[in-house]
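Visitor: I'd like to ask some things about the structure below.
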Amino acid sequence: MQNQGVEPDRVTLMELASACGYLGAVELAKWIYLYIQKKDDIQCDLRLGTALIDMFARCGDPHGAMQVFSHMAQRDVSAWTAAIGAMAMEGNGKQAIELFNEMLHQGIKPDAVVFVNLLTALSHGGRMHKNVDVAKYAAEKIAQLDPERPGIHVLLSTIYASAGQWNDVAKMNCRLREAGYSPDLTNVLLDVDEPEKEYLLSRHSEKLAIAFSLINTGQGMPVRVVKNLRICSDCHTFAKSVSKVYNREIIIRDNNRFHFFRHGSCSCKDYW
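In our numbering, the protein residues as written are 3 to 274.
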């Protein structure tokens, strides 16, 4: 496009930011942001700014997301939602609450999506701090704003289980069944012998991706992995060990959150 002399407009950059976030291409994300900053004829309005926040969040760069957010002249509920979502993906429940309180202080009325992002952030932080009061408040607000959203019961049940509140877990499970939910067991693996289990574990995609990245990147470069499934405990332990042995930062985005592995430990504190 640029080789043919066609300059991208705001809509093109929004689509490019969306694709960048989907791929987790953080270097390209930084290039897009710098490109916009250098272009005087491109107005970084609410929609473009929100797209950039979401882009950085999905690329595992919460600092970049907050940099865009802090430079926005105006912020609507979508911008606040994206910023809180960035903290949710990082597992930073404390800053998510701070952003939520600041949003209320500025008179922005939260919608159901804001509360879902807040609850997601709290579900990660609550596993370490065992404080479910704010999470329960967020869940009640979501139920009021969007009573047909079933995922809220799953999230809240997970939070209760992490805090050891099994009676509340049972209540949530009853609500799910009353709503018509039943577990899908079609993809449950059958029993296999130990050598076969070990072989299957060694073929997990994140292990192969980490090995490939170590071979093809220089010393000190971060290793970035994007996957569409939740990371298993074995791969999580593997990534911690590799980060310590090779002294490399490993960033894995699964379908639940970001994991930042440094010096043999993970940002999730082994709760995910």
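We put the beta carbon where it would ideally sit given N, CA and C, even for glycine.
Among the candidates 93, 42, 62 and 20, whose CA atom is the shortest distance from the CA of residue 9?
Guide: Within the sequence shown, numbered from 1, the residue matching residue 9 stands at position 7. Considering only alpha carbons, the answer is 42.
Visitor: How is the beta strand (DSSP E) around residue 227 delimited, first residue to last?
Guide: As a first step, residue 227 is located in the sequence shown; it is residue number 225 there, counting from the start. It spans 225 to 228 - the beta strand (DSSP E) in which residue 227 sits, taken as one unbroken run.
Visitor: Give the DSSP-derived three-state secondary structure of residue 233 in the structure shown.
Guide: Within the sequence shown, the letter at position 231 stands for residue 233. Residue 233 falls in the coil class under three-state DSSP.
Visitor: May I ask you to report which of helix, strand or coil DSSP gives residue 261?
Guide: Numbered from 1 along the sequence shown, position 259 holds the residue referred to as residue 261. Strand at residue 261.
Visitor: DSSP state of residue 215, grouped into three classes?
Guide: Walking along the sequence shown from the start, residue 215 turns up at place 213. Helix.
Visitor: Work out the CA separation of residue 226 and residue 47 for me, nearest whole Å.
Guide: For the purposes of this step, residue 47 is taken as residue 45 along the sequence shown, with counting starting at 1. For the purposes of this step, residue 226 is taken as residue 224 along the sequence shown, with counting starting at 1. Approximately 30 angstroms between the Cα atoms of the pair.
Visitor: Write down every uninterrupted run of the beta strand (DSSP E) in the stretch 46 to 90 whose length is 3 residues or greater and which is fully enclosed by it, in chain order.
Guide: None, since the stretch 46 to 90 contains no complete beta strand (DSSP E) of that length.
Visitor: Quickly, what does DSSP pair residue 253 with across the bridge? List them, please.
Guide: Here residue 253 is taken as the residue at index 251 of the sequence shown, counted from 1. The partner list for residue 253 (beta bridge, DSSP) reads 226 and 262.
Visitor: Among 38, 250, 234 and 3, whose alpha-carbon lies nearest the alpha-carbon of residue 272?
Guide: On the sequence shown, position 270 is the one that residue 272 refers to. Looking at the Cα atoms, 234 is the closest of the given residues.
Visitor: Using 8 angstroms as the Cβ pair cut-off and three pairs as the minimum, do the stretch 56 to 70 and the stretch 235 to 246 touch?
Guide: Taking 8 angstroms as the limit for Cβ pairs, the verdict is that the stretch 235 to 246 does not touch the stretch 56 to 70.
Visitor: Pull up the distance between the alpha-carbon of residue 94 and that of residue 11, whole angstroms please.
Guide: On the sequence shown, residue 94 is found 92 positions in, with the first residue counted as 1. On the sequence shown, residue 11 is found 9 positions in, with the first residue counted as 1. Each residue's Cα considered, the two are about 34 angstroms apart.
Visitor: With H, G and I counted as helix, E and B as strand and the rest as coil, what does DSSP make of residue 268?
Guide: Position 266 of the sequence shown holds residue 268. DSSP places residue 268 in strand when its eight states are reduced to three.
Visitor: Between which two residues does the alpha helix (DSSP H) holding residue 206 run?
Guide: Counted from its first residue, the sequence shown places residue 206 at position 204. Where residue 206 is concerned, there is no enclosing alpha helix (DSSP H), given that its DSSP letter is neither H nor E.
Visitor: Taking only the alpha-carbon atoms, compute the straight-line gap between residue 106 and residue 139 and give it to the nearest angstrom.
Guide: The residue you call residue 106 lines up with position 104 of the sequence shown. The residue you call residue 139 lines up with position 137 of the sequence shown. Taking the straight line from one Cα to the other gives about 15 angstroms.
Visitor: Using 8 angstroms as the threshold, is the C-beta distance between residue 110 and residue 85 below it?
Guide: Locating residue 110 in the sequence shown gives position 108, where the first residue counts as 1. Locating residue 85 in the sequence shown gives position 83, where the first residue counts as 1. It is not a contact, given that the beta carbons lie outside the stated cut-off.
Visitor: Measure the Cβ-Cβ separation of residue 18 and residue 38 and say whether it is below 8 angstroms.
Guide: Against the sequence shown, residue 18 aligns to sequence position 16. Against the sequence shown, residue 38 aligns to sequence position 36. Their beta carbons are not under 8 angstroms apart, which means residue 18 does not touch residue 38 by this criterion.
Visitor: So, at 8 angstroms on beta carbons, what are the nonlocal neighbours of residue 74 in its own chain, with the 5 sequence-adjacent residues on each side left out?
Guide: The residue given as residue 74 occupies position 72 in the sequence shown. Correct list, in chain order: 46, 48, 51 and 81.
Visitor: Using 8 angstroms as the threshold, is the C-beta distance between residue 102 and residue 143 below it?
Guide: Counting from one through the sequence shown, the residue named residue 102 turns up at place 100. Counting from one through the sequence shown, the residue named residue 143 turns up at place 141. The answer is no: Cβ separation not under 8 angstroms.
Visitor: Just confirm the distance between the C-beta atoms of residue 260 and residue 23, as a whole number of angstroms; I'd bet it's less than 8 angstroms.
Guide: Here residue 260 is taken as the residue at index 258 of the sequence shown, counted from 1. Here residue 23 is taken as the residue at index 21 of the sequence shown, counted from 1. That belief does not hold up - the Cβ atoms of residue 260 and residue 23 are roughly 12 angstroms apart, past 8 angstroms.
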